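Everything in the sequence shown is counted per my numbering, starting at 1017 for the first residue and increasing by one.
To start, the structure under review is shown below, and the notes come after it.
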Amino acid sequence: MEYNFREIEKKWQNNWKSTNAYQVSNDSSKPKYYVLDMFPYPSGAGLHVGHPLGYIASDIFARFKRLKGFNVLHPMGYDAFGLPAEQYAIDHGVHPATSTAQNISNFRGQLDNLGFCYDWSREVRTSDPSYYKWTQWIFLQLFNSYYNRQTNKAESIESLVALFEKEGNANHICPGDASLSFSADEWKSYSEKEQQDILMLYRLSYCGYGEVNWCEALGTVLANDEVINGVSERGGYPVVKKKLRQWYLRITEYADRLLQGLETVDFSDAMKEMQGNWIGKSYGAEIDFAVKSEQGKVRQMRVYTTRPDTIFGVDFMVVAPELDWIDEVKGSAQAQSVDEYIAYVKSRSERERMAEKKISGCFTGAYAINPFDGREIPIWISEYVLAGYGTGAIMAVPCGDERDFKFAQHFGIPITNIIGEHYNGEEANPTKDAILENSGFLNGLVMREAMTVAIDKIEEMGIGKRKVNFKMRDAAFSRQRYWGEPFPIKWINGIAYPLSEDQLPLELPYVEKYGPGPEGEGPLANIEAWTSEHLETNTMPGYAGSSWYFLRYMDPDNNEIFCSRKASDYWGQVDLYIGGTEHAVGHLLYSRMWTKFLFDLGLIGHDEPYKKLVNQGMIQGSSRFVYRVHGANKFVSAGLADQYQTDRLHVDVNMVDGVELDTEAFKKWKAEYADAEFILEDGKYICSSEVEKMSKSKFNTVNPDDLVNRYGADTFRMYEMFLGPVEQSKPWDTKGIEGVHRFLRKLWRLFFDELKGKIWNEEKATDAELKILHKAIKKIEEDTERFSFNTGVSAFMVCVNDLSDAKCHKREVLESLLIMLTPYAPHVCEELWSQLGNQSSILDASYPAFEEKYLVESTKEYPISVNGKLRTTMNIALDATQEQVEQLVLQNEVVIKWLDGKQPKKIIYVKGRMVNLVI
């Protein structure tokens, strides 16, 4: 019987679908296990071989846990809203609802082709009104809540109003404006508009004005990581800074809990560090400096510093260029330079500004006054200071900070040394602690003591206060685009009124065409039926639906609530979450915040969404390049390219065999190459190669459908795992897939012979055969548990080779092997399991138990020497006596030959080491 992999795979995929083999219940006596893939966006380009890596890893583990006796939830859905879907629809001249449905259909087909064990009855799509009804509902809960810093959790805004009516806000510092203070009587005297404006400063989802990356061509605000060198990453359109009304999530109120929660989850150290750095908790003080300009002392400038004890070493201030008050204090001589520099900074994304190595800045012409010694300190602006971090202003201490020192050197700013003189930077840079020795009340103190004393003094003088600061800022939660969740908000007389829950979902209106609204508003502002109802014209960002989707999978058909408490208590945290590191500080932080918020409201029983996170690496593309002679339609082989002036161009890897280009296929690839000429090496056109990110634009993608058709889904699944550790990035090489395919054919031959047909038998396995099996059980179970799937695949290959060498075709051994292999190659295992006569599915089998006794060694291989020279080796029982050893050795054919008819004078047997015959 032949191994017809495509017929077998289609047969079992249809069977699993018709029998609902992967449908899972919320009511089971088995222990639960929740395996989840990061929410995919259904791209119009479909999957390439790099995409399924994490999906295969999660599928293997989900199947493994099922065989180990768990009730496994392994769902899949689509992150279908957002800018990529909208832009794809615009580029292809279709409505995003249509293109998204088409892309999902294609995506689903490719996933099914790989035989994944998803419970499709739980599928969710963020763009489905039945789903985003609950995204809107959760938004309303955020809108109607504030963070009570005394109880350290979210509570209803109504309870805050009750407190204001009783005691004002004396015991509840305003997170949106710490200077805000009012009594109970004052609160009661405020108009509705004034009260609502104050409440907006407390709400966990709130509206305000902020500077954003505005892309006119795309008609939307872009995140910092969507802007590169002043243009949009998608399309390369100009991006400018613009102040727009935006919705925000007050994630900063959860900053401490987000940090503390990292101690309770199983994330990699690198991931925890990324999140910790993004949150960026620090301790220090805010200090007020009077500002002197051409107009005199016109204002105060507040600076946040983690080293207030270095205030005597401050030589200049650096502030964010976008701060509003720069215009008020800039000198007339500096005005043009300041304006030009601010315009330059507005074209830069925050990511670029933070990563910039080149020093840039501009003197404002204004000075800050040191409150301790009255020195005038020049105020500079520079792009490395961000308005949203701290106060947007820092005090620079070049004798204690390398970056400040280089800035001062670059612009020739005098640097004060520890005795109040200046130096040119040629001598050794004094340390921060040296400053303390010459700073009066700080003299002689170690750094930590000095910081405490300095802050005490600052507070005593009334010029500042202690401050815990966070680098993280509140998350912008609105986009000026069409394809997103509408906000369930009406604006009447400048007040935001939430829709009632029975008005949800507020459905996105269908329009044939959509473009930016007036004054940077979203496309919904162009719809009269929408604006006449005073509805919010922004839509939610892509991460809205993905901040809670893992909960909806638990209870997808519930029309009464986003997820019942019974369902969320049963499934609890996601036990295993697999996805890329690109979501480290975006989706992961927001979903953790939403989970903590829902926990605060008592709607779920856990405050961290993911127990364990595994970040899969990237499968990189192996790009191929051709060399076009500059100005001609002539292409020169790579080895000859240095003899010509050439342009290096990407070529589709699918028309290259190794590095040899199929020139006829190349000529048919694009019309411009139809008449191409080739300068060959030894009759061949050789391409150069380079490992890069796998991308359609680099023509280095490989369609998994093609490989599945050629080798089968089981081969493809195992080969992706065989490439290397799942967490590491590695280049794709199709040639290696042949070896894995040969392995599966060798497995098949343990069951079937091409001529004889079935060859398995019911004979009892020998100890040697059971040793091969249980060695594999131990190794593969351990490897799978620790996600070392590549070494697991290797162990399967070793096992099958050993069983083939032993000519083992015994059902007792082969059934256990099939069960172990099922997570990796489910189709062939299900087929062979059925061929063995089993009536039930292998999916419901029990994973074989490892038995140590089969690996306990009962014999040892001894070197056998004659007159001290090694002649052969023999396996001898470990408990053999001297007499038994002598009898066995004298019967050995090799030993008989070397004795040549003589009797040994002595047989030396050293137990566990050697045997030597003396003749």
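Yeah, the Cβ is synthetic: ideal placement off N, Cα and C, and Gly gets one too.
Everything numeric in this text was worked out from a predicted model, so none of it was measured.
Within 8 Å, strictly: CB atoms of residue i and residue j
{"i": "Ile-1189", "j": "Arg-1219", "result": "no"}
{"i": "His-1090", "j": "Ser-1115", "result": "no"}
{"i": "Ser-1700", "j": "Ala-1692", "result": "It is Lys, not Ser, that sits at residue 1700 in the sequence shown. Taking 8 Å as the Cβ cut-off, Lys-1700 and Ala-1692 do not qualify as a contacting pair."}
{"i": "Pro-1068", "j": "Ile-1120", "result": "no"}
{"i": "Val-1642", "j": "Leu-1677", "result": "yes"}
{"i": "Gly-1936", "j": "Lys-1709", "result": "Any question about residue 1936 goes unanswered here, given that the chain covers just 1017 to 1935."}
{"i": "Gln-1126", "j": "Leu-1063", "result": "yes"}
{"i": "Pro-1532", "j": "Gln-1589", "result": "no"}
{"i": "Glu-1517", "j": "Trp-1153", "result": "yes"}
{"i": "Gly-1538", "j": "Thr-1553", "result": "yes"}
{"i": "Ser-1584", "j": "Gly-1621", "result": "yes"}
{"i": "Ile-1635", "j": "Asp-1053", "result": "no"}
Rounded straight-line distance, which links the Cα of residue j to that of residue i
{"i": "His-1603", "j": "Asp-1623", "result": "16 Å"}
{"i": "Lys-1259", "j": "Val-1335", "result": "19 Å"}
{"i": "Glu-1544", "j": "Ile-1505", "result": "16 Å"}
{"i": "Lys-1927", "j": "Val-1872", "result": "18 Å"}
{"i": "Arg-1568", "j": "Gly-1500", "result": "18 Å"}
{"i": "Gly-1408", "j": "Pro-1324", "result": "16 Å"}
{"i": "Glu-1847", "j": "Glu-1018", "result": "12 Å"}
{"i": "Asn-1087", "j": "Leu-1833", "result": "22 Å"}
{"i": "Gly-1755", "j": "Val-1829", "result": "24 Å"}
{"i": "Thr-1750", "j": "Ser-1353", "result": "57 Å"}
{"i": "Lys-1582", "j": "Ala-1466", "result": "54 Å"}
{"i": "Asp-1668", "j": "Val-1040", "result": "42 Å"}
{"i": "Gly-1192", "j": "Thr-1611", "result": "23 Å"}
{"i": "Asp-1860", "j": "Ala-1560", "result": "37 Å"}
{"i": "Glu-1801", "j": "Phe-1077", "result": "8 Å"}
{"i": "Pro-1005", "j": "Thr-1555", "result": "For the chain, the structure presents residues 1017 to 1935; residue 1005 sits outside this window and is missing."}
{"i": "Gln-1212", "j": "Trp-1263", "result": "15 Å"}
{"i": "Glu-1798", "j": "Ala-1811", "result": "11 Å"}
{"i": "Phe-1180", "j": "Ala-1194", "result": "16 Å"}
{"i": "Gln-1903", "j": "Lys-1918", "result": "15 Å"}
{"i": "Leu-1819", "j": "Cys-1133", "result": "29 Å"}
{"i": "Gly-1312", "j": "Glu-1338", "result": "22 Å"}
{"i": "Ile-1435", "j": "Glu-1310", "result": "With a pLDDT of 36 at Ile-1435, under the threshold of 50, the predicted position of this residue should be treated as unreliable, and no value is reported."}
{"i": "Ala-1687", "j": "Ala-1061", "result": "22 Å"}
{"i": "Glu-1399", "j": "Arg-1369", "result": "6 Å"}
{"i": "Pro-1414", "j": "Ile-1375", "result": "14 Å"}
{"i": "Leu-1452", "j": "Gly-1329", "result": "Below a pLDDT of 50, predicted positions are generally treated as unreliable, and Leu-1452, at 44, falls in that range; no measurement from the model is reported."}
Counterpart residues of residue i in DSSP-defined beta bridges
{"i": "Leu-1886", "result": "Ser-1881"}
{"i": "Ile-1695", "result": "Val-1652"}
{"i": "Cys-1845", "result": "Partner(s): none; Cys-1845 has no beta bridge."}
{"i": "Phe-1379", "result": "Trp-1396"}
{"i": "Met-1634", "result": "Paired residue(s): none; Met-1634 is not in a bridge."}
{"i": "Ile-1936", "result": "Outside the modelled stretch of the chain, which goes from 1017 to 1935, sits residue 1936, for which no answer is possible."}
{"i": "Ala-1409", "result": "Val-1335"}
{"i": "Leu-1592", "result": "Val-1051"}
{"i": "Pro-1254", "result": "Val-1247"}
{"i": "Thr-1236", "result": "Cys-1231"}
{"i": "Trp-1263", "result": "Cys-1223"}
{"i": "Asp-1783", "result": "Paired residues: none, contrary to the question."}
{"i": "Glu-1171", "result": "Tyr-1162"}
{"i": "Ile-1923", "result": "Leu-1933"}
{"i": "Asp-1769", "result": "Gly-1773"}
{"i": "Ser-1584", "result": "Ser-1584 is not bridged to any residue."}
{"i": "Ala-1200", "result": "Ala-1200 is not bridged to any residue."}
**Request:** May I have a chain-ordered list of the beta strand (DSSP E) segments no shorter than 3 residues that lie completely inside the region 1276-1353?
**Result:** Counting only runs of 3 or more, we get 1297-1309, 1312-1321 and 1332-1335.
**Request:** Count the C-beta pairs between the region 1793-1809 and the region 1733-1742 that are closer than 8 Å, then say yes if the count reaches three, no if not.
**Result:** The answer is yes - the region 1733-1742 touches the region 1793-1809, with three or more Cβ pairs under 8 Å.
**Item:** Meets three-Cβ-pair contact criterion under 8 Å: the region 1375-1382 and the region 1337-1346
**Value:** Short answer: they touch.
**the region 1091-1108 / the region 1475-1493 touching (three or more Cβ pairs under 8 Å)** = Contact fails: fewer than three Cβ-Cβ distances are below 8 Å.
**Whole runs of the alpha helix (DSSP H) within the region 1660-1717, excluding any shorter than 4 residues** = Runs found: 1679-1685.
**Request:** Examine the Cβ distances between the region 1279-1287 and the region 1356-1366 and report whether three or more of them are shorter than 8 Å.
**Result:** Contact between the region 1279-1287 and the region 1356-1366 is absent, because fewer than three Cβ pairs lie under 8 Å.
**Request:** Pair every Cβ in the region 1771-1788 with every Cβ in the region 1815-1831, then say whether three or more of these pairs are closer than 8 Å.
**Result:** Because the criterion of three Cβ pairs below 8 Å is met, the region 1771-1788 and the region 1815-1831 touch.
**Item:** Sufficient close CB pairs (3 or more, under 8 Å) joining the region 1143-1152 to the region 1509-1526
**Value:** Enough Cβ pairs lie closer than 8 Å, so yes.
**Asked** Along the chain, which unbroken stretches of the beta strand (DSSP E) at least 3 residues long are found entirely within the region 1498-1562?
**Response** Counting only runs of at least 3 residues, the region 1498-1562 fully encloses the following beta strand (DSSP E) elements, listed from N- to C-terminal order: 1505-1508 and 1511-1514.
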